[in-house]
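Contents: one structure, followed by commentary.
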Amino acid sequence: MSNAVCDLLGIKYPVFQGGMAWIAEATLASAVSNAGGLGIIAAMNSNGEQLREQIKKAKELTDKPFGVNLMLMSPYIKEAVEVVCEEKVAVVTTGAGNPAPYMEQLKAANVKVIPVVASVTLAKMVENMGASAVIAEGCESGGHVGETTTMALVPQVVDAVSIPVIAAGGIADGRGMAAAYMLGACAVQMGTRFLAAKECQVHPNYKERVLKASDRDTIVTGKKLGHPVRALKNSMTREFAKLEMNGASEEELNKMGAGALRLAAVEGDVKKGSCMCGQIAGMITTIETCKDIVEGICADCKKVIENFKF
Ligand code: TUI
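Letter by letter, the sequence shown follows residues 2 to 311 of the working numbering.
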C-alpha cells in the first residue's frame, strides 16, 4: 500500500494516528509506528521537558519514524517547537491554528511539517510556506473542529494543492479509507479508532464510553468561544450547550471547559469531563491492538476497492 506519503515518511502503511491531547503519548505512538503506521505524540499537555521525555521514551520503544503534534493554542508551544527541533523528530503535525510562526524554525531543523487544515485557504497557505503534506480534517472528527465535512473538504483541498493530502474525520475502517482514496487523499488519519486501541493509555471509563457510543452521541460546543469542540454528550456538555444558548459570558464558559479533557482522559470522570471523540465512535465496538487496527484497515480497504462493482 506504499505511496507518496509512505515514501515521504518511510512508513509501511498510509495510516496516521491522530495527536490526541492528553491521550496520545509514547506508548500509543510507538505501537502505531511499530505496526507500520505513523504514531504521533501530542505535545499539547506537556511543557518542553515533559515532551522531551515522551520523545525519548518513543525512541526507546520504536526504531520506526514517529511524529509530534503541536497544538498551536498551547501555552507551551514555543518550548515544544524547540524540543522537537533539538530531538530531530522526523515529522510534526500542527492543529487548531496557522503554523506560520514556526515553519522556518522547523524546516531549518529538517523537521517535515504536515499541518491539519479545515479549509482550502489554509491548505494553500501552508503549501506556500513549505508544508510537506496536509491533513484535511472534516468536522466529523473529535476535538477541535472546523465547519466542513470530510466528504466536501478533502476533494476541494486535493484540487487546490499539489502536495499529498491525508484525509481525517469520520474514518475508522477499510470502507472509510477506500472512500478517502476515492476523494483523492493518499493516506488517512484516525483518532477515535485509536482511542479504543489496546495500547491507548486513556482512562478505561473514557474507552468504555467510546465503545458504547452510538451515531448521535456527540455534540459540538464552544462555537461562541471561537474554538468549537466535538465530544460525547454527557452532563457537562449538555450544561455547556445550555449555558452557551442562554448567552453565558466567555469567562463562565472558559471556566467550565478548562481542565475538562484532562478530567475525563486522566481522572476518568466521564460525567463532568470532556470525552472528545468523533462521530464515527458509533461504529467502534471492540478493543484491538494497533497492529490489528493498522493491518486490518489496509487489508479491508484493498478488499473494498478490489470487490467494487458498478
Ligand atoms: O487540533 C485539532 N483537534 C484538537 S486540539 C484539541 S485541544 C483543545 N482543547 C480545548 C479547546 C480547544 C482545543 C482538541 N482537539 N484538530 C486539528 C484541527 N485544526 N481541526 C481544525 C483545525 C483548524 C481550525 C482552524 C486549523 C486551523 C484553523 O484556522 C487557523 C487560521 O488561522 O486560519
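Ideal placement from N, C-alpha and C gives every residue a C-beta, glycine not left out.
- Using a 10 angstroms sphere on the CB of Lys224, the tally of other CB atoms stays under 16, which defines it as exposed.
- According to the DSSP assignment, Thr28 belongs to the alpha helix (DSSP H) that extends over Ala27 to Asn35.
- In this chain, Lys113 is not harboured by any alpha helix (DSSP H); it is covered by the beta strand (DSSP E) spanning Lys113 to Val118.
- Taken through DSSP and simplified to helix, strand or coil, Arg231 comes out as strand.
- Under the DSSP assignment, Leu71 falls outside any alpha helix (DSSP H), being part of the beta strand (DSSP E) whose first and last residues are Phe67 to Met72.
- For Val93, no alpha helix (DSSP H) encloses it; the enclosing beta strand (DSSP E) starts and ends at Val92 to Gly96.
- In this structure, Val221 keeps its C-beta atom at 8 Å or more from the C-beta atom of Arg210.
- Going by DSSP, Phe195 is part of the alpha helix (DSSP H) stretching over Thr193 to Leu196.
- In this chain, the beta strand (DSSP E) harbouring Glu138 covers Val135 to Glu138.
- Residue pairing by DSSP puts Val16 in a beta bridge opposite Val189.
- Classified as exposed, Pro102 has fewer than 16 neighbouring CB atoms from the shown chains inside 10 Å of its CB.
- Here the alpha carbon of Ile172 sits roughly 17 Å from the alpha carbon of Lys292.
- Taking the Cβ of Met104 as the reference point, every heavy atom of the ligand TUI lies at 7 Å or farther away.
- The DSSP assignment places complete beta strand (DSSP E) segments of no fewer than 3 residues inside the region 214-297 at 219-222 and 230-233, in order along the chain.
- Taking a cut-off of 8 Å for Cβ pairs, the region 248-255 and the region 148-168 do not touch, as fewer than three such pairs fall below it.
- With 16 or more other Cβ atoms from the protein chains shown falling within 10 Å of its own Cβ, Asp174 counts as buried.
- Burial is judged here by how many other beta carbons sit within 10 angstroms of a residue's own beta carbon; Lys304 has fewer than 16 and is exposed.
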